[in-house]
Amino acid sequence: MPETPTTADRALRIGICGPVGTGKSSLIAMLCGELASTLRLAVITNDIYTDEDARYLRSAGVLEPERIRAVETGACPHTAIRDDITANLLAVDQLEEDFAPLDIVMVESGGDNLTATFSPALVDTQIFIIDVAGGGDVARKGGPGITRADLLIVNKTDLAPYVGVDPVLMVADASEVRDGRPVIALSRGDRASVTALTDWVQTQLVAHRSGILVPADPGPMAPHSHDDGTLHVHHEGDDAHQHAHS
Amino acid sequence: MTPTLPADLVLMLLADARLPTAGHTQSAGLEPAVTHGLQSAEVADYIALRLRTVTRVEAATAVVALHHVRQGLPLDDVETAWAARTPSAALRATSRSMARAMLRVVRRLWPDDPSVRALAPGVSRAVVLAAVADACGLAPVALARLVGYDDVQTVASAALKLLPLDPADVSAWVLDALPLVDRLALEVAPLTLPGSIPASGAPQIEAWAESHAATTRRLFSA
Ligand SMILES: Nc1nc2c(ncn2[C@@H]2O[C@H](COP(=O)(O)OP(=O)(O)OP(=O)(O)O)[C@@H](O)[C@H]2O)c(=O)[nH]1
Ligand SMILES: [Mg+2]
């Protein structure tokens, strides 16, 4: 059997998750456009009942079409990134084998709801995307992706005036529930926000390569697990309990 | 071998859809069947048809592979016999990708088992299941029941996603199919020779599998 390379030797796996239509595919296309000249990239899409996202990305012409693959989820987009990640893992492994060496593999989840997040066994770091068009109160509603994804994107800020949302307030609300984790207010037309996003990706890549990037689990609706066996006191409640060892 | 575990507990583990083997990506050919006009009222017949045809090939292959594993015989002839009886390239590819999915969890569950360790990349699902059956000390008939039962439940759960059905009715169809699963298992359990694996394909299911592999609109991988 071949030796499994250490995590730092393989590509950085970035998960991109969030409700339907918030801009996951567009963000991936943007990152490909920004990074493909300097980094070796590949993409997995989890479409619900077509390979629409994969085709959109292929047609965007930002990456060789063979480097973009669709995984079927049997109408279970949540399962495919969380409780049975097998199909995605096999697809990532296959991409890495076919195009070795790769620097980054991006995995787009099927558009789901606010509770869906990636298993830390599938991705090393994850981005959760909401948009201003979904309403200014979405950030306050919270959920594991909004509160604990490695990066939260508040997308389409250019639309804010048309939907009566104050993006500054939306970002402030999000930052408040995120305990200092980063939030980027993004619009594809806003160059500074795009640079903030690519800088974040580069930082994650450096951390991954130096072996210090530990996949964090945004977790289910319940508070997250550090999975290191330490006592973990929840902010939300007053109970403390021992998290299970893996 | 972990013979200390009761066979029924092992079977529950292996037949449980919660085992992470990408089972949710499979419809056992039901999705293309529905695309080509199969109706809710025909799902039970579809289940029975599979048990007589393609699933029979898979169950027999698994049993013969288990015999080969236990006798220390090479598996190549079994693999070839299965491939010769599975003319659709799409069905063969599906079996091999399900085998990879299964292998991932099986290697984690029985890392030291020699039969599991000996599995070559690219084997079919029936052969992986045979190695697992050996690792757990399952009898051939139990292995064949597992293959049959898994196929029935795969169709049943996909049916709930694809057709307007009451889940309780679908469970009743599964119950009705159990005697068919048992009969299939008893029939194939004594087989030991690759040449004795029945060539009971279903050309229509195979043709649908081929067309499904080429479509761009699908919920299930196969
Ligand atoms: N105005 C504006 N529209 C955007 C921006 N980013 C994406 N969009 C648009 O938002 C719509 C949805 O974008 P997608 O990238 O397809 O969203 P998605 O999250 O991948 O959607 P699903 O995969 O269907 O869940 C498209 O019409 C995009 O053009 C942005 O920065 N500003
Ligand atoms: Mg998309």
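Line by line, the protein sequences are chains A and B. In terms of the working numbering, the first sequence opens at residue 1 and continues consecutively. In terms of the working numbering, the second sequence opens at residue 1001 and continues consecutively. Just so you know, even glycine gets a beta-carbon here, dropped at the ideal spot from N, CA and C.
- Residues are counted here when their Cβ sits less than 8 Å from a Cβ of chain B; for the stretch 83-113 of chain A these are Asp83, Asp84, Ile85, Thr86, Ala87, Leu89 and Leu90, given in chain order.
- Judged by DSSP in its simplified three-state form, Pro1006 of chain B adopts coil rather than helix or strand.
- Residues of chain A whose Cβ lies closer than 8 Å to the Cβ of Leu1219 of chain B are, in chain order, Ile48, Tyr49, Glu72, Thr73, Gly74 and Ala75.
- Straight-line measurement puts the Cα of Ala196 of chain A at about 23 Å from the Cα of Pro144 of chain A.
- In this structure, Trp1208 of chain B lies near His1036 of chain B, with their beta-carbon atoms less than 8 Å apart.
- Cβ neighbours of Gly1072 of chain B within its own chain (closer than 8 Å, five residues either side excluded): none.
- Taking 8 Å as the cut-off, the Cβ atoms of Ala1159 of chain B and Val1043 of chain B count as close.
- Checking the 7 Å criterion, the Cβ of Thr22 of chain A is within range of a heavy atom belonging to ligand 1.
- In terms of beta-carbon proximity, Thr79 of chain A lines the interface with chain B, with at least one pair separated by less than 8 Å.
- For Glu1079 of chain B and Leu1143 of chain B, the gap between their C-alpha atoms comes out near 17 Å.
- Under the criterion of beta carbons closer than 8 Å, Leu39 of chain A and Asp103 of chain A qualify as touching, at roughly 4 Å.
- Beyond the five residues adjoining it in sequence on each side, Ala1017 of chain B comes within less than 8 Å, by CB distance, of Gly1023, His1024, Gln1153 and Ser1157 in the same chain, given in chain order.
- Among the CB atoms of chain A, none fall inside 8 Å of the CB of Ala1093 of chain B.
- Between the stretch 1196-1204 of chain B and the stretch 51-66 of chain A there are fewer than three inter-stretch CB-CB distances shorter than 8 Å, so the stretches are not counted as touching.
- Checking the DSSP bridge columns, you'll see Arg13 of chain A partnered with A:Val105.
- Not a single C-beta of chain A is nearer than 8 Å to the C-beta of Pro1114 of chain B.
- Between His1212 of chain B and Leu186 of chain A, the alpha-carbon positions lie close to 39 Å from each other.
- Ala1062 of chain B and Ala1185 of chain B have their C-alpha atoms some 11 Å from each other.
- In the structure shown, Val1063 of chain B falls within a helical segment according to DSSP collapsed to helix, strand and coil.
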